[in-house]
Amino acid sequence: MSHPPLYEQLYTYIANAIAQGKLTPGDRVPSENELAEQFKVSRITSKAALEKLYRDGLIERKRGKGSFVSLKLTATPGGVKPVNATPRILGVVMPDFAEVFGLKLLYSIESQAAQRNAYLMFKRTYGSQDEEEKAIRALLQLGVSGLIVFPVHGDYYNQELLRIVLSGFPVVLVDRYLKGIPASTVSTDNARASQQLTAYLLTRGHRHIAFISPPSENTSSIEDRIQGYRDALAAHGVALNPAYLMNRLQSPLPLALNLEHVSSDFKTLHTFINDHPALTAIVASEYNAALLAWQVTQALHRDLEITCFDSPETLFIPSLFTHIQQNEALMGSTAVDMLMTHIEQRCDPMNEVIGFDLVKVGDVPIP
13 MSHPPLYEQL YTYIANAIAQ GKLTPGDRVP SENELAEQFK VSRITSKAAL
63 EKLYRDGLIE RKRGKGSFVS LKLTATPGGV KPVNATPRIL GVVMPDFAEV
113 FGLKLLYSIE SQAAQRNAYL MFKRTYGSQD EEEKAIRALL QLGVSGLIVF
163 PVHGDYYNQE LLRIVLSGFP VVLVDRYLKG IPASTVSTDN ARASQQLTAY
213 LLTRGHRHIA FISPPSENTS SIEDRIQGYR DALAAHGVAL NPAYLMNRLQ
263 SPLPLALNLE HVSSDFKTLH TFINDHPALT AIVASEYNAA LLAWQVTQAL
313 HRDLEITCFD SPETLFIPSL FTHIQQNEAL MGSTAVDMLM THIEQRCDPM
363 NEVIGFDLVK VGDVPIP
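In this text, residue positions in the sequence shown follow our numbering: the first is 13, and each later residue adds one.
Structure (structure tokens):
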């Protein structure tokens, strides 16, 4: 596994020092030369790290004096505290929710918050990082005591989210985490779940298995699911075929769930499956991707076994696919309890990994 660039490692080191209180607002940050000498890196590397810290609002520059931890990070010794904050009001930020995934999570958050004598303010971001930043700012201005955030997919970290996490404001991330950033998280063990799902197909005799998803960059849940897929292949002695990794889907993303993107993704999957006649099975990162793949296989008259993460639960229609069922109820209640702990007492970041179930449906014959 490749390591992040040196400047990112240096950035993370300083950001962690700020988050842990080793560097506090107003403290001087070592200069380019000092960092280069201390960590045995080039000045170009240390300069790049400082530039990123400055862009993300973690440090300020004073002409002739150097760089200092930003005073905007906090208004009190304990970290960022929004003006007129009302205790026991929690902000919840999610891209979207549906019966497939998110609805039971939200129900659980609301139920557990009520038991903890807390109220909710809820904002949807529709998969947009700009909307996520606006939602976080709005909830802080409204005086929430803490935030539960389901981060959106993105090519980069949301600066507003990064800022409040590093400042020590009570935040719990659900389903995803920020690599190298000390934030509390509640999530499924996506790598292990994907490994089990892929292993299920392998034990059924499949050897040509594709993995399909939206872009994975800076989306830890998808990155981990891809890693689990790779691990399962390796454990069963099956060589990874890079051509079987297809992460160009757009329609599963909340902001792109429309006829134009569904049509485009249908054509993309149609070409992908048609170009790989040896394929016998698919692991989809989510239900909508699996459903689209199923429609393509029907059009192509291909009998592929399709599996996925999550599936709508109903008493009237059975699940179409063998899938990983995440424990949304436990994720939601755990997120609330964790956030209340952060609100009531300053503590180190916590990470909870929630169990899952592999739900099997009718077997599909292997061609």
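All C-beta atoms, glycine included, are put in the ideal place defined by N, C-alpha and C.
Quick caveat, the model's predicted, so the values are computed rather than measured.
For residue i and residue j, what's the separation of their Cα atoms in angstroms?
i      : j      : result
His354 : Leu22  : 27 Å
Val295 : Asp369 : 16 Å
Glu145 : Asn170 : 7 Å
Leu83  : Ala251 : 52 Å
Phe321 : Val53  : 43 Å
Leu31  : Ile176 : Checking the displayed sequence, the identity of residue 31 turns out to be Ala instead of Leu. Roughly 10 Å between the two C-alpha positions.
Leu47  : Ser323 : 50 Å
Asn286 : Glu356 : 56 Å
Gly38  : Ile71  : 9 Å
Gly217 : Lys116 : 34 Å
Ile318 : Ala130 : 41 Å
Thr98  : Asn363 : With a pLDDT of only 38 at Thr98, under 50, the local geometry of the prediction cannot be trusted, and the value read off the model is given with reservation. For Thr98 and Asn363, the distance between alpha carbons rounds to 26 Å.
Gly367 : Val81  : 39 Å
Arg358 : Pro182 : 9 Å
Phe109 : Lys279 : 26 Å
Pro163 : Leu154 : 20 Å
Val95  : Ala150 : Residue placement at Val95 cannot be trusted, given a pLDDT of 33 that sits under 50; the coordinates are not used to answer.
Asp187 : Ile234 : 10 Å
Asp360 : Leu271 : 45 Å
Glu63  : Leu214 : 47 Å
Asp201 : Asp68  : 29 Å
Ser386 : Pro107 : The chain is shown only over 13 to 379; residue 386 falls outside these bounds and no answer can be derived.
His273 : Thr309 : 18 Å
His313 : Leu303 : 15 Å
Gln307 : Arg40  : 59 Å
Let's see if you can read the secondary structure: which residues bound the beta strand (DSSP E) around residue i?
i      : result
Ile160 : 158-161
Arg73  : 71-74
Ser276 : Note, Ser276: premise wrong, no beta strand (DSSP E); alpha helix (DSSP H) at 271-286.
Gly344 : First-last for Gly344: 340-356, but that is the alpha helix (DSSP H), not the beta strand (DSSP E).
Glu317 : 317-321
Arg136 : 131-136
Val104 : 101-106
Thr36  : No beta strand (DSSP E) holds Thr36; DSSP gives it neither H nor E.
Let me know if residue i comes out buried or exposed under the rule of 16 or more other beta-carbons within 10 Å of its beta-carbon.
i      : result
Asn45  : exposed
Ser79  : buried
Pro89  : Residue placement at Pro89 is poorly supported in this model, since its pLDDT is 44, which falls under 50; the coordinates still yield a value, given next. Exposed is the call here.
Ser58  : buried
Leu152 : buried
Glu340 : buried
Ala27  : buried
Tyr25  : exposed
Leu207 : The question names Leu, yet the displayed sequence has Gln at residue 207. Gln207 is buried by the Cβ-count criterion.
His165 : buried
Gly240 : buried
Thr36  : exposed
If we call anything under 8 Å between Cβ atoms a contact, is residue i one with residue j?
i      : j      : result
Lys135 : Ala147 : yes
Leu245 : Thr210 : yes
Leu261 : Ser225 : yes
Ser199 : Arg237 : no
Ser157 : Ile101 : yes
Ala290 : Asp243 : no
Met350 : Ser196 : yes
His282 : Ala311 : yes
Ser345 : Gln124 : yes
Tyr256 : Ala305 : no
Val105 : Thr137 : yes
Ala205 : Ile336 : yes
Gly249 : Leu159 : no
Ser331 : Val365 : no
Sort the options by Cα distance to residue i and report the nearest one.
i      : options                        : result
Asp315 : Phe333, Asp322, Ser323, Leu118 : Phe333
Arg128 : Leu65, Glu49, Asn339, Ala347   : Ala347
Tyr119 : Phe51, Asp360, Met343          : Met343
Glu20  : Ile193, Ala130, Ser275         : Ile193
Asp142 : Leu154, Pro227, Arg188, Glu172 : Glu172
Ile56  : Tyr25, Leu18, Pro254           : Leu18
Leu85  : Gln337, Gly76, Leu65           : Leu65
His284 : Met258, Gly33, His273          : Here residue 284 turns out to be Phe, not His, going by the sequence shown. Among Met258, Gly33, His273, the Cα nearest to that of Phe284 is on Met258.
Arg3   : Phe51, Glu49, Ser43, Ala60     : Only positions 13 to 379 of the chain appear in the structure, and residue 3 is not among them; the question remains open.
In the DSSP assignment, find the unbroken alpha helix (DSSP H) run with residue i in it and report its ends.
i      : result
Asp369 : Segment 368-371 is the beta strand (DSSP E) holding Asp369; no alpha helix (DSSP H) there.
Pro237 : In the sequence on display, residue 237 carries Arg and not Pro. It spans 232-247 - the alpha helix (DSSP H) in which Arg237 sits, taken as one unbroken run.
Ser123 : 115-127
Ala255 : Premise fails: Ala255 is in no alpha helix (DSSP H) and is neither H nor E.
Phe109 : Counting along the chain, Phe109 falls outside any alpha helix (DSSP H), and DSSP gives it neither H nor E.
Leu174 : 171-179
May I ask whether a heavy atom of the ligand MN can be found less than 7 Å away from the beta carbon of residue i?
i      : result
Ser206 : Summarising the ligand content, the structure contains no ligands, and the ligand MN is consequently not present.
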